[in-house]
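**Student:** Sharing a structure here in structure tokens format.
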Amino acid sequence: MIRLAALTAAAALGAACQITPTLPVTLLGAPCASPPSLHCPDTACPGSLTSATGNVIDERASDKRAYFLDYPCDLKPGEKVTFVLNLHGGGSIANWQRHYFPIMDFKEKYRLVVATPYGPNGIWQGPRDDQHLRNIVEDVENALGAQSIKAFWLAGHSFGGQTSNRLINTDPFFQERVDGWVSLSGGRLGSKREDIRAAIPRGTPPPPAATPTPGATPPAGGLAADASVLPAKRFSFIYEAGEHEYTSAGVPKASLWAQTLGCGAQAAPREVADTKAGYVFDGRSQDNRNKVWGLDPRPGKAMIWTYPNCAGGRVVADISRLDKGHTEGLEPNITEEIIKLMLSAKS
160 MIRLAALTAA AALGAACQIT PTLPVTLLGA PCASPPSLHC PDTACPGSLT SATGNVIDER
220 ASDKRAYFLD YPCDLKPGEK VTFVLNLHGG GSIANWQRHY FPIMDFKEKY RLVVATPYGP
280 NGIWQGPRDD QHLRNIVEDV ENALGAQSIK AFWLAGHSFG GQTSNRLINT DPFFQERVDG
340 WVSLSGGRLG SKREDIRAAI PRGTPPPPAA TPTPGATPPA GGLAADASVL PAKRFSFIYE
400 AGEHEYTSAG VPKASLWAQT LGCGAQAAPR EVADTKAGYV FDGRSQDNRN KVWGLDPRPG
460 KAMIWTYPNC AGGRVVADIS RLDKGHTEGL EPNITEEIIK LMLSAKS
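With this note's numbering, letter number 31 in the sequence shown gets 190, and the count goes up by one each step, no holes.
Spelled out as structure tokens, the structure:
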């Protein structure tokens, strides 16, 4: 009897010491899949996929607008993540942008939470859309716990990059949160547009890949924000563009933003090679198809220039994808290198 009681007590103690497996988190009711749901094939992504609007609803928005939320399917409660708000360009749509800058493919490996929203008629308008973007950020913060977000980045292609810049310059909500900005042909901090960007030949359609509807072009006056005007907020900054988008002078040899952050001189470039093409491009009929606007997706190489030893461990980098233009989606290896740069920033 004594031996039986001892065994029973030991078994009870063992059961008490067992750790109950932690179940993965489900964020805001968004179904999680790896590879992500509504994902393009490697080639010839159909419009039925790129036109998908999202997998979660902003219930606070007056139009109950959908957006995409991608996150690690094995995410644990309280786990530290990097949160990215990924904004499409003018005339575009959410799932096209999701594949243009396909960081969702690396969500497990690098513990990324990525929200990719949609501006109606393919454009971001402050009075209509900024509160929706704030709602997304607040909802993700509340779902994860703000303390679990180790860094918050804005990313945006073309007009989406300009919109990111506008939010950083004018909206205290984003100013107090943002740790970095990835500008995908959306303005290079400290550079005037005409000094950094080649002219797009006439006959090229407006930006990219969605069939524009009335109001799909940027408002009169052009840019959402002037990147040559340096913001007061200090943050990491990565500028990426196709080689053919730069002027004949190529990538500048210096960065006013790097100087502002106390970084060192531009380091020698390093090469990144991709044997796979990106997922998307502008497949619409064009009167004047050209290399500045962009051609078919294809493998290739990219060059990365960094500015070392920035104050606070911040990161500043310039990237040129060789023989690419404005609308060829980013290839997997250069996408991953951008993620590594983002995660290397200390503040």
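Where is the CB? At the ideal position from N, CA and C, for every residue including glycine.
Measure the alpha-carbon distance for residue 314 versus residue 343 and round it to whole angstroms.
**Tutor:** Rounded to the nearest angstrom, the two C-alpha atoms are 7 Å apart.
**Student:** Between which two residues does the beta strand (DSSP E) carrying residue 244 extend?
**Tutor:** That run of the beta strand (DSSP E) goes 240 to 246.
**Student:** Could you give the distance in angstroms between the alpha-carbon of residue 244 and the alpha-carbon of residue 185?
**Tutor:** If you take the alpha carbons of residue 244 and residue 185, they lie about 18 Å apart.
**Student:** Only counting the same chain, and skipping five residues up and downstream in sequence, which positions put a Cβ closer than 8 Å to that of residue 336?
**Tutor:** Correct list, in chain order: 296 and 311.
**Student:** So if DSSP puts residue 396 in a beta bridge, which residue, or which two residues, is it bridged to?
**Tutor:** According to DSSP, residue 396 bridges with 340 and 475.
**Student:** Is the distance from the Cβ of residue 346 to the Cβ of residue 321 below 7 Å?
**Tutor:** In this structure, residue 321 lies closer than 7 Å to residue 346 by Cβ.
**Student:** When burial is assigned at 16 or more other CB atoms within 10 Å of the CB, is residue 224 buried or exposed?
**Tutor:** Buried, since its Cβ has 16 or more Cβ neighbours within 10 Å.
**Student:** Determine the DSSP secondary structure at residue 312, reduced to helix, strand or coil.
**Tutor:** Three-state DSSP puts residue 312 in a strand.
**Student:** Considering only their Cβ atoms, is the gap separating residue 457 from residue 436 smaller than 7 Å?
**Tutor:** Cβ distance < 7 Å, so residue 436 and residue 457 count as in contact.
**Student:** Contact between the region 323 to 336 and the region 260 to 267: three or more CB pairs below 8 Å?
**Tutor:** The answer is no - the region 260 to 267 does not touch the region 323 to 336, with fewer than three Cβ pairs under 8 Å.
**Student:** Taking only runs that begin and end inside the region 266 to 323, name each unbroken alpha helix (DSSP H) of 4 or more residues, in chain order.
**Tutor:** Runs of the alpha helix (DSSP H) inside the region 266 to 323: 266 to 269 and 285 to 303.
**Student:** How do the region 407 to 415 and the region 485 to 502 stand: do at least 3 beta-carbon pairs fall below 8 Å, yes or no?
**Tutor:** No, because fewer than three Cβ pairs between the region 407 to 415 and the region 485 to 502 fall closer than 8 Å, the two stretches do not touch.
**Student:** Between residue 200 and residue 229, which are expected to be in contact by the criterion C-beta below 8 Å, what is the C-beta distance as a whole number of angstroms?
**Tutor:** In fact, because the Cβ distance is near 17 Å, the residues do not count as touching under 8 Å.
**Student:** Nearest to residue 501 by CA position, among 387, 269, 333 and 249, is which residue?
**Tutor:** Minimum Cα distance to residue 501 is reached at 269.
**Student:** How long is the line joining the alpha carbons of residue 332 and residue 289, rounded to whole angstroms?
**Tutor:** If I take the Cα positions, the gap works out to 10 Å.
**Student:** Under three-state DSSP, which class holds residue 259?
**Tutor:** In the structure shown, residue 259 sits in a helix (DSSP, three-state: H, G or I).
**Student:** Measuring alpha carbon to alpha carbon, tell me which residue in 420, 402 and 400 is nearest residue 389.
**Tutor:** The residue with the shortest Cα to Cα distance from residue 389 is 420.
**Student:** Under three-state DSSP, which class holds residue 229?
**Tutor:** In the structure shown, residue 229 sits in a strand (DSSP, three-state: E or B).
**Student:** For residue 360, which residues from the same chain have a beta carbon less than 7 Å from its beta carbon, with the 5 sequence-adjacent residues on both sides left out?
**Tutor:** Counting only Cβ-Cβ distances below 7 Å, and skipping sequence neighbours, we find 447, 449 and 451.
**Student:** Quick one: grab the DSSP three-state call for residue 378.
**Tutor:** Per-residue confidence for residue 378 stands at a pLDDT of 38, beneath the threshold of 50, marking its modelled position as unreliable; the derived number appears in the next sentence. It is coil, neither helix nor strand.
**Student:** Considering just the uninterrupted stretch of the beta strand (DSSP E) at residue 452, what are its terminal residues?
**Tutor:** No beta strand (DSSP E) contains residue 452, which DSSP labels as neither H nor E.
**Student:** On a Cα-Cα basis, can you pick out the residue from 293, 278, 304 and 242 that is closest to residue 319?
**Tutor:** Comparing Cα-Cα distances from residue 319 to each of 293, 278, 304 and 242, the minimum goes to 278.
**Student:** Looking only at its chain, what residues have a beta carbon closer than 7 Å to the beta carbon of residue 231, apart from the 5 residues adjacent to it on each side?
**Tutor:** The residues are 266, 267 and 270.
**Student:** Would you kindly work out how many angstroms separate the C-alpha atoms of residue 428 and residue 496, rounded to a whole number?
**Tutor:** Residue 428 and residue 496: Cα-Cα distance of roughly 13 Å.
**Student:** Give the C-beta separation of residue 416 and residue 348 to the nearest angstrom, bearing in mind that I take them to be a contact with Cβ-Cβ under 8 Å.
**Tutor:** The pair is a contact, with the Cβ atoms about 4 Å apart (cut-off 8 Å).
**Student:** For residue 417, report the span of its alpha helix (DSSP H) as first-last.
**Tutor:** First-last of the alpha helix (DSSP H) with residue 417: 415 to 419.
**Student:** Mapping the DSSP letters down to three states, classify residue 459 as helix, strand or coil.
**Tutor:** Residue 459: strand per DSSP, three-state reduction.
**Student:** Answer with buried or exposed for residue 424, where buried requires no fewer than 16 other C-beta atoms within 10 angstroms of its C-beta.
**Tutor:** With fewer than 16 Cβ atoms within 10 Å of its Cβ, residue 424 is classed as exposed.
**Student:** Can you tell me whether DSSP reads residue 345 as helix, strand or coil?
**Tutor:** If DSSP states are grouped into helix, strand and coil, residue 345 belongs with coil.
**Student:** Only counting the same chain, and skipping five residues up and downstream in sequence, which positions put a Cβ closer than 7 Å to that of residue 212?
**Tutor:** For residue 212, where only same-chain residues beyond five positions count, the Cβ hits under 7 Å are 225, 253 and 277.
**Student:** When the distance is taken between beta carbons, is residue 215 closer than 7 Å to residue 189?
**Tutor:** Yes, the Cβ-Cβ distance between residue 189 and residue 215 is below 7 Å.
**Student:** How many Å lie between residue 479 and residue 273 at the Cα?
**Tutor:** So the two alpha carbons sit approximately 24 Å from each other.
**Student:** How long is the line joining the alpha carbons of residue 494 and residue 218, rounded to whole angstroms?
**Tutor:** Taking the straight line joining both Cα atoms gives about 31 Å.
**Student:** Smallest Cα separation from residue 240: which of 203, 355 and 300?
**Tutor:** Cα-wise, what sits closest to residue 240 is 300.
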